[in-house]
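Okay, so here's the structure we're looking at.
In full-length UniProt numbering, the protein residues as written are 1 to 674.
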């Protein structure tokens, strides 16, 4: 899967479709009897459900979800994808994830597991036909449901379903847990065929036994060699300078069953695939035998017909209903902040009441892009109620018009009862602008923090209008434009970020650029940038007392890498990247020529050129002052991460994504003179 920067923000189904076809083609002559039930991609993660065509009629309620737990807890470089569906009358949930890397990050991997388990939430559909079934999750006895509630998750299980609201849960992927032993010792044990001794030091097994991660899951006995890390194209463990230690990073686990239900799922085989040579990992495969529930269809049809007959004979055939409120107020909504409200719809009549949301007059869309509503439609029996959930979150893909005051959290939804009345639900809220997702031109013209400008709408509107004018006149000089307002050479937010990092002590840290920061610290930094508040060094750098020197060094690293995370997120959220989208093809073409790079720089808008040169200067110093032991690794991370400075226009399709990725990295190397 692609790891290029725009893959974190924009979905391109090309690779996903290619893999789906590859899986189907791998079935050979049996391909004709299988089909894709669903698939979902999140950057480097992809989950595909392939089923027999004969089973298609029995698969329903298919839902997919993903969540990123990477940069600032929102980017998809790390995270999880899940699919939940009903097969006959049992629910299956499959999760694939890519957790934090590096040996020392075991605790971070535990946190990633918890975050993914909490945030992958599906729609819980009320089904009276199966309401008699005593599922573990609706009898208060499910360990997984109790776990996410204990970890601070707040849910309404009448309308929501977690990954644990399933009869069968399979969790798989690159979990990245390592072996707590030095690389030479691990290889020595493997050469002596003492693999089972190594498993005593396996981090995932240790953390599971301690109850710190995956406590509600089981795993089969591992009888295969470590799946990581190999020289690509070989069965030889890593011989590069990094010499990554062999580990069982790739795993398949399943949700535990009680003693009475252990026969519900049986593991038939669990192994790796040593013949696969495409990656530095060896894939794992697991084969299960699962039991499912089946409804007696004849009794179901008979019961349904009797109910319909009774309803037809009812005297009062009018659809009637009521809602708990017609007004939903979200209040203040921050960037990347999730908020939800609910409305209760009740069938007060004597007949079945189908309901659905419909578009307003002369509009095609039912809901605005910033609002999700669940369920969008349904059927209520007499006296039944349902909770309708309204969710709002302004993320990087839609924040620009909100920051530019071109869009507001304001809408009216129409909820229709078939053969009954329409309800009008008013949605309102106040978006708190952020510097993330604002064009560079606008930020550079703001002399005060963006949240202070909100109080003066005329000032903010004027700034944005001037920014629009500049964008429409790319040849105008932003410094001597004669408009009465002088544009700064740099956005102050970018200056604050780099000023914090740009000193020899920071740049000399071993782990700078190599680890992620803390999501809470990153959120604190963003709020300071938006409000203009000074950075609190006790938060970013930790305690400075002499007796905590080791802890301080760790906190310094966390604070610095949190600032790096914020810098990358800031650049990723720009509506127009540092290298404008109009220059994207030229940049790729210039990746092998210093002369062409110089010509491209000369043609950049002045502000974009200033920003580019400022970032280049910072990155050159970051490489210059990096410790010799990690200099090469830091270079590679910088080159890969800062391809964020260029991306194509939305909707652009790469003919060769792998080649484009290499060209972008080559372009970054060339502008850094590496």
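Glycine included, each C-beta is placed from N, C-alpha and C at the ideal position. If you're wondering where the values come from, they're calculated on a predicted model, not measured in any experiment.
Which residue spans inside the region 188-260 form an unbroken alpha helix (DSSP H) run of at least 4? The region 188-260 contains, as complete alpha helix (DSSP H) runs of 4+ residues, the segments 195-199, 203-209 (chain order).
From residue 270 to residue 202, what does the alpha carbon distance come to, in whole angstroms? Counting from one through the chain shown, the residue named residue 270 turns up at place 270. Counting from one through the chain shown, the residue named residue 202 turns up at place 202. Residue 202 has its alpha-carbon roughly 17 Å from the corresponding atom of residue 270.
Got a sec? Which residues, its chain only, sit under 6 Å from residue 438 by beta carbon, not counting five neighbours each side? One-based indexing of the chain shown puts residue 438 at position 438. The answer, listed in chain order, is 403.
State the CB to CB distance for the pair residue 376 and residue 405, rounded to an integer number of angstroms; the pair is presumed to be in contact (CB under 8 Å). The residue given as residue 376 occupies position 376 in the chain shown. The residue given as residue 405 occupies position 405 in the chain shown. Rounded to whole angstroms, the Cβ separation of residue 376 and residue 405 is 29 Å, and the two are not in contact under 8 Å.
If we count the other Cβ atoms within 10 Å of its Cβ and call it buried at 16 or more, is residue 659 buried or exposed? As a working mapping, residue 659 is identified with position 659 in the chain shown. By the 10 Å Cβ count, residue 659 comes out exposed.
Per DSSP, what kind of secondary structure is residue 573 in: helix, strand or coil? Reading the chain shown from its first residue, position 573 is the one you call residue 573. Here residue 573 sits in coil by DSSP.
With DSSP collapsed to three states, give me the class of residue 552. Here residue 552 corresponds to residue number 552 of the chain shown, with the count starting at 1. Low per-residue confidence applies at residue 552: pLDDT is 46, beneath 50, and the placement is therefore not dependable enough to give any value.
Going residue by residue through the region 318-355, where are the continuous beta strand (DSSP E) segments of at least 3 residues, counting only ones entirely within it? For the region 318-355, whole beta strand (DSSP E) runs of length 3 or above, ordered along the chain, are 321-323, 327-333, 339-347.
Give me the DSSP bridge partner(s) of residue 121. Here residue 121 is taken as the residue at index 121 of the chain shown, counted from 1. Its beta-bridge partners are 162.
For the beta strand (DSSP E) holding residue 174, just list the boundary residues, first then last. As a first step, residue 174 must be located in the chain shown, where it is residue number 174. Its beta strand (DSSP E) spans residues 168-174.
Using the Cβ count rule (16 or more neighbours within 10 Å means buried), how would you classify residue 656? On the chain shown, residue 656 is found 656 positions in, with the first residue counted as 1. Exposed is the call here.
For the beta strand (DSSP E) containing residue 68, list its first residue and its last residue. For the purposes of this step, residue 68 is taken as residue 68 along the chain shown, with counting starting at 1. Annotation: the continuous beta strand (DSSP E) that includes residue 68 extends over 59-68.
Please report how far the alpha carbon of residue 665 lies from the alpha carbon of residue 68, in whole angstroms. Residue numbering aside, residue 665 sits at position 665 when the chain shown is read from its first letter. Residue numbering aside, residue 68 sits at position 68 when the chain shown is read from its first letter. Near 24 Å, if we compare the C-alpha coordinates of residue 68 and residue 665.
Going by DSSP in three states, residue 84 sits in which element: helix, strand or coil? The sequence position of residue 84 within the chain shown is 84, counting from 1. If DSSP states are grouped into helix, strand and coil, residue 84 belongs with the strands.
CA-to-CA distance, residue 257 to residue 506, given in whole angstroms: Along the chain shown, read from residue 1 onward, the residue named residue 506 stands at position 506. Along the chain shown, read from residue 1 onward, the residue named residue 257 stands at position 257. About 50 Å.
Looking at residue 451 and residue 331, is the spacing between their C-beta atoms short of 9 Å? The sequence position of residue 331 within the chain shown is 331, counting from 1. The sequence position of residue 451 within the chain shown is 451, counting from 1. With respect to the 9 Å criterion, residue 331 and residue 451 are not classified as neighbours on the basis of their beta carbons.
Have a look at the DSSP bridge pairing and note the partners of residue 98. Counting from 1 along the chain shown, the entry for residue 98 is found at position 98. According to DSSP, which records beta bridges pairwise, residue 98 is partnered with 79, 174.
Considering Cα atoms alone, identify which of 153, 647, 497, 254 is closest to residue 574. The sequence position of residue 574 within the chain shown is 574, counting from 1. Nearest C-alpha to residue 574: 647.
Less than 9 Å between the C-beta atoms of residue 432 and residue 530, yes or no? Mapped onto the chain shown, residue 432 falls at position 432. Mapped onto the chain shown, residue 530 falls at position 530. Less than 9 Å divides the Cβ of residue 432 from the Cβ of residue 530.
Beta-ladder partner(s) of residue 422, from DSSP: Residue 422 sits at position 422 when you count from the first residue of the chain shown. Residue 422 is bridged to 416.
Short Cβ contact (9 Å threshold) for residue 295 with residue 343: For this step, residue 295 is matched to residue 295 along the chain shown. For this step, residue 343 is matched to residue 343 along the chain shown. Their beta carbons are not under 9 Å apart, which means residue 295 does not touch residue 343 by this criterion.
Closest by CA to residue 514, which one among 594, 576, 636, 397? Here residue 514 is taken as the residue at index 514 of the chain shown, counted from 1. If we check each option's Cα against that of residue 514, 636 comes out closest.
Please state if the CB of residue 490 and the CB of residue 568 are separated by a distance shorter than 9 Å. Residue mapping note: residue 568 aligns to position 568 of the chain shown, counting from 1. Residue mapping note: residue 490 aligns to position 490 of the chain shown, counting from 1. Result no, Cβ atoms of residue 568 and residue 490 do not sit closer than 9 Å.
Let me know the beta strand (DSSP E) ranges lying completely inside the region 422-449, each 3 residues or longer, listed in chain order. Considered as a whole, the region 422-449 harbours 422-431 as its complete beta strand (DSSP E) runs of no fewer than 3 residues, in chain order.
Quick one: Cα of residue 360 to Cα of residue 661, how far? For the purposes of this step, residue 360 is taken as residue 360 along the chain shown, with counting starting at 1. For the purposes of this step, residue 661 is taken as residue 661 along the chain shown, with counting starting at 1. Cα-Cα distance, rounded: 43 Å.
Given a cut-off of 9 Å on the beta-carbon distance, is the pair residue 292 and residue 150 in contact? Position 292 of the chain shown, counted from the first residue, corresponds to residue 292. Position 150 of the chain shown, counted from the first residue, corresponds to residue 150. No. Outside cutoff.
Rounded C-alpha distance that separates residue 50 from residue 20: Locating residue 50 in the chain shown gives position 50, where the first residue counts as 1. Locating residue 20 in the chain shown gives position 20, where the first residue counts as 1. Distance between the alpha carbons of residue 50 and residue 20: 9 Å.
Taking the alpha carbon of residue 16 as the point to measure from, which residue in 48, 519, 33 has its own alpha carbon closest? As a working mapping, residue 16 is identified with position 16 in the chain shown. That would be 48, whose Cα lies nearest to the Cα of residue 16.
Straight-line CA distance for residue 348 to residue 127? As a working mapping, residue 348 is identified with position 348 in the chain shown. As a working mapping, residue 127 is identified with position 127 in the chain shown. Take the alpha-carbon of residue 348 and the one of residue 127: they are about 19 Å apart.
Express the C-alpha separation of residue 663 and residue 628 in angstroms, rounding to a whole number. Taking the chain shown and counting its residues from 1, the one referred to as residue 628 is at position 628. Taking the chain shown and counting its residues from 1, the one referred to as residue 663 is at position 663. Approximately 27 Å, taken between the alpha carbons.
When the Cα of residue 422 is compared with those of 563, 341, 319, which residue comes out closest? The residue labelled residue 422 in the question sits at position 422 within the chain shown. Restricting attention to 563, 341, 319, the CA atom closest to the CA of residue 422 is found in 319.
Taking all protein chains shown into account, decide if residue 467 is buried (16 or more other Cβ within 10 angstroms of its Cβ) or exposed. In the chain shown, residue 467 corresponds to position 467, counting from 1. Any answer about residue 467 is weak, because its pLDDT of 47 lies below 50 and its placement is not dependable; what the coordinates show is given next. It is buried - the Cβ of residue 467 has at least 16 other Cβ atoms within 10 Å.
Answer with buried or exposed for residue 112, where buried requires no fewer than 16 other C-beta atoms within 10 angstroms of its C-beta. Within the chain shown, the letter at position 112 stands for residue 112. Residue 112 is buried by the Cβ-count criterion.
With residue 516 as the anchor, note down where its alpha helix (DSSP H) starts and where it stops. For this step, residue 516 is matched to residue 516 along the chain shown. Segment: none, residue 516 is in no alpha helix (DSSP H) and carries neither H nor E.
What does the Cβ neighbour count give for residue 370, buried or exposed, with the cut at 16 atoms within 10 Å? As a working note, residue 370 is residue 370 in the chain shown. Buried, because 16 or more other Cβ atoms sit within 10 Å of the Cβ of residue 370.
Could you round the C-beta distance between residue 253 and residue 217 to whole angstroms and report it? I think they count as a contact, below 8 Å. Counted from its first residue, the chain shown places residue 253 at position 253. Counted from its first residue, the chain shown places residue 217 at position 217. Correct: roughly 4 Å between the Cβ atoms.
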